[in-house]
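One structure below.
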Amino acid sequence: MSGVASRSQCTPGTTTTVFAGIGQGEIGGTRTAAMHRLQKIPSIVMSHIHTSAQVSAHMHYKMLVLGGGSGGITMGARMKRLFGAENVAVVEPSEMHYYQPIWTLVGAGAKTLASSGRSTESLMPSGVKWVKSKVQEINPNTNTVKTDDGTEITYEYLIVALGLELHFEKIKGLPEGFEHPKIGSNYSIQTVEKTWKALQDFKEGNAVFTFPNTPVKCAGAPQKIMYLSDAYLRKTGKRNKATVIYNTSLPVLFGIKKYADALWDIVRERELQINLRRNLIEVRADRQEAVFENLDYPGETTVIEYEMLHVTPPMGPNPVVQNSPLSDGAGWLDLNKDNLQHNKYPNVFGIGDCTNLPTAKTGAAVAAQSGVLHRTISRILKNQKPDKIYDGYTSCPLVTGYKSVILAEFDYNGQPLETFPINQAKERRIMYHMKADVMPHLYWHGMLRGLWGGPAPYRKLMHLGMK
Ligand SMILES: Cc1cc2nc3c(=O)[nH]c(=O)nc-3n(C[C@H](O)[C@H](O)[C@H](O)COP(=O)(O)OP(=O)(O)OC[C@H]3O[C@@H](n4cnc5c(N)ncnc54)[C@H](O)[C@@H]3O)c2cc1C
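The sequence shown maps to residues 1 to 467 in full-length UniProt numbering.
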């Protein structure tokens, strides 16, 4: 922890820490207009909402998939094989589909944003109906979905793959703060290139990275950009003029001890400052100040003056799921964690970030879930009991530099479930190539075509006697 802070008492019981002597204040009134411009950030692909003139007022499909992101397109391809293309529809409003894991590298200038996107049309399984609308309401009691253009779609079976919602607006001063320089976020199309710009423009001062006080997708991404930024600043000779700070709401650096231990070694070696239990509550982008609350001492806030700020926004359930009978108490899709069938509605299933599956929300988890869900539905169609069990497999390639990755893979119990018979907690160049070059190919050409259900971890193969 380098000594950049000075403390001052504000009100009884409220301590404010002012970094580099900068005080506090309110930002001026561009919030409403900017909210309108950036409001679509929460859903990464919602900016191209399109209402199809061709859709009729009522449709019926044997299998209806909601959402055409990672889970939706993957299940659309798999369900085509089970039901026949003409019996399957996918509801997705966006013209473009993005491979979000690459945004970590886009924010660090190692890949372009364009390389992360393809048209939804090119990815929709041939013959499957693409309903280019936004789901407004799900009524599982009448097997009906309503879209924003007034169309009613009935179904026999439903897969919900609506992802989660980003909430930049829950941080005071955002999203309008993104109109200022020096601030970015790898979590949305609109803000990811701003991260790279802020990094390139860095001169001297604090480079600050945040992790919110909510569930997130890819829990490693908020710190991957810190390691990449550190590497970039070293490469460009600016690191000695920078204090690199990671303020996380979590009480740990990473949830799985094996990988957390390796990351702490890196953090110490590279002199990165980690502050646990600090939650970003306000950005005063005009003054380059970020305000954090100390979650262990309610009322205590800290102001950090930044030269660069990377924001990981608060996240929450998709509102359509939250407002439907399909949600658990917290707003997530209420699934059986073993077979991915809904806990109350047996003809409803789910996959990915919108669910309450107690594992880390990642594309790798979606890949593993897709194989189990495919099997569950094919058994149900034959009046058989689901037999394949999802073990919670998820993965996080922790990018620790421009040529190094620690490949974290684990299950529901937080136990490492590794693909390779080597110590994956070690930084490796080959794993970087896996992340940057191999995984995108597997995504576009394997997973989204329903041909690849994630890696077969070494431990499983050993268990099956197939090593
Ligand atoms: C910066 C970043 C880095 C990441 N890094 C990794 C990584 O290294 N490895 C990894 O495995 N994962 C990573 N992820 C996470 C991964 O991208 C997600 O977990 C994955 O995309 C989840 O798939 P999904 O189908 O559940 O949701 P999404 O892919 O987000 O798809 C949800 C879809 O639902 C649609 N939708 C939403 N609301 C509606 C509605 N009302 N009507 C119709 N459609 C709607 C959206 O338009 C969207 O297309 C990363 C994510 C980010 C942002």
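Backbone N, C-alpha and C define an ideal beta-carbon position, used for all residues, glycine too.
Restricting to runs no shorter than 3 residues, where is the beta strand (DSSP E) found entirely within the region 235 to 303? 242 to 248, 273 to 276, 278 to 284, 289 to 294
Nearest-angstrom Cα separation, counted from Val208 out to Leu199: 11 Å
Taking the DSSP output, what are the residues bridged to Lys146? Glu137, Glu152
Say yes only if the C-beta of Gln100 is nearer than 7 Å to one or more non-hydrogen atoms of ligand 1, and no if none qualify. yes
Between Gly76 and Val91, is the Cβ-Cβ spacing less than 8 Å? no
Secondary structure at Tyr227, three-state DSSP: helix, strand or coil? In the structure shown, Tyr227 sits in a helix (DSSP, three-state: H, G or I).
Does the beta-carbon distance from Ile138 to Val320 come in below 8 Å? Their beta carbons are under 8 Å apart, which means Ile138 touches Val320 by this criterion.
Shortest alpha-carbon distance to Gly313 belongs to which of Val366, Trp264, Ile266, Thr248? The sequence given here has Pro at residue 313, not Gly. The shortest Cα separation from Pro313 among Val366, Trp264, Ile266, Thr248 belongs to Thr248.
Give me the Cβ distance between Pro317 and Leu448, rounded to the nearest whole Å; I'm assuming they're in contact under 8 Å. Between Leu448 and Pro317 the Cβ distance is about 24 Å, and since that is not below 8 Å, they are no contact.
Identity of the residue in Gly350, Thr302, Met439, Val311 nearest Leu407 by Cα: Met439
Which one of Phe211, Pro181, Met96, Glu418 has the shortest CA to CA distance from Asp286? Pro181
Using 8 Å as the threshold, is the C-beta distance between Thr210 and Leu105 below it? no
Cβ separation of Gly71 and Tyr227, assumed to be a contact under 8 Å, to the nearest whole Å: For Gly71 against Tyr227, the beta-carbon gap comes to about 28 Å, at or over 8 Å, which does not count as contact.
Within the present structure, is the beta-carbon of Pro397 separated from the nearest heavy atom of ligand 2 by less than 7 Å? As for ligand 2, it is missing from this structure, which binds only ligand 1.
Closer than 8 Å is the cut-off here; do at least three beta carbon pairs connect the region 151 to 170 with the region 338 to 350? yes
Closer than 8 Å by C-beta to Val283: which residues in its own chain qualify, once you throw out the five before and the five after it? Chain order, please. The answer, listed in chain order, is Ile171, Lys172, Gly173, Leu174, Gly177, Ile183, Glu289, Ala290, Val291, Leu309, Val311.
Would you say Pro93 touches ligand 1, meaning its beta carbon is less than 7 Å from a heavy atom? yes
Nearest to Gln322 (by Cα), restricted to the options Asn275, Leu162, Thr236: Leu162
Rank Ile245, Glu152, Ser229 by C-alpha distance to the C-alpha of Lys238 and give the top, closest one. Ser229
Using a Cβ-based criterion (distance less than 7 Å to any ligand heavy atom), does Ser122 qualify as near ligand 1? Annotation for Ser122 indicates a beta carbon at 7 Å or more from all heavy atoms of ligand 1.
Taking the alpha-carbon positions, what's the Leu451 to Arg379 distance? 19 Å
Which of the three DSSP states is assigned to Ser395 in this structure? Ser395 falls in the strand class under three-state DSSP.
Supposed contact pair Gly453 and Gly371 - C-beta distance, whole angstroms, cut 8 Å: 3 Å
Quick test of the definition: if touching needs 3 or more C-beta pairs under 8 Å, does the region 325 to 341 touch the region 291 to 306? no
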